[in-house]
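To keep things clear, I will list the structure first and then write my remarks on it.
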């Protein structure tokens, strides 16, 4: 027997889902609630006219992201400092906070894998830009270091 439902069951589920969505839309309309608009990507070519314009726009985006992170970081680090460091104190090369910042950056910059993080986030330009905002970061750790830390935390 297959785990996959047959076409008749799939159609019944689709009809039930459509009815539920219709009821929800009618309820929203009757209560004067506005539904969240769907985000639609533009079907157009690139809006930048030159390489310099694109670089400026990208720098602005990253700068804004870093400013937001930097404004939220003190409170976040205070909460993260409550985490017990399970590593051997004699072998520590990086502070717990630096490792946590590195992990946060992996998430914020949408790095898809640990290898990609090691490749992208250790590039000289990235490190130079990072040091302008976070002078306390001299060097970023290898991603395996972060993984060992995170697996030891309960």
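Residue numbers (our numbering): 34 to 187.
For each residue, glycine too, the CB sits at the ideal point set by N, CA and C.
In terms of Cβ geometry, residue 121 and residue 151 do not form a close pair [threshold 7 Å]. Residue burial annotation: residue 138 is buried, with at least 16 other C-beta atoms found within 10 angstroms of its C-beta. Within the same chain, and ignoring the five residues on either side of residue 147 in sequence, the residues whose Cβ sits closer than 6 Å to its Cβ are 176. If you look at residue 149, you'll find it in the alpha helix (DSSP H) that goes 147 to 153.
Of the other Cβ atoms in all chains shown, fewer than 16 fall within 10 Å of the Cβ of residue 107; this residue is therefore exposed.
The beta carbon of residue 178 is closer than 7 Å to those of 127, 132 in its chain, skipping five residues each way along the sequence. Between residue 173 and residue 135, the gap from beta carbon to beta carbon is short of 7 Å.
Note that the C-beta distance between residue 109 and residue 118 is not below 7 Å. If you look at residue 169, you'll find it isn't in any alpha helix (DSSP H); DSSP assigns it neither H nor E. Per DSSP, reduced to three states, the secondary structure at residue 62 is helical. Less than 7 Å separates the beta-carbon of residue 99 from that of residue 166.
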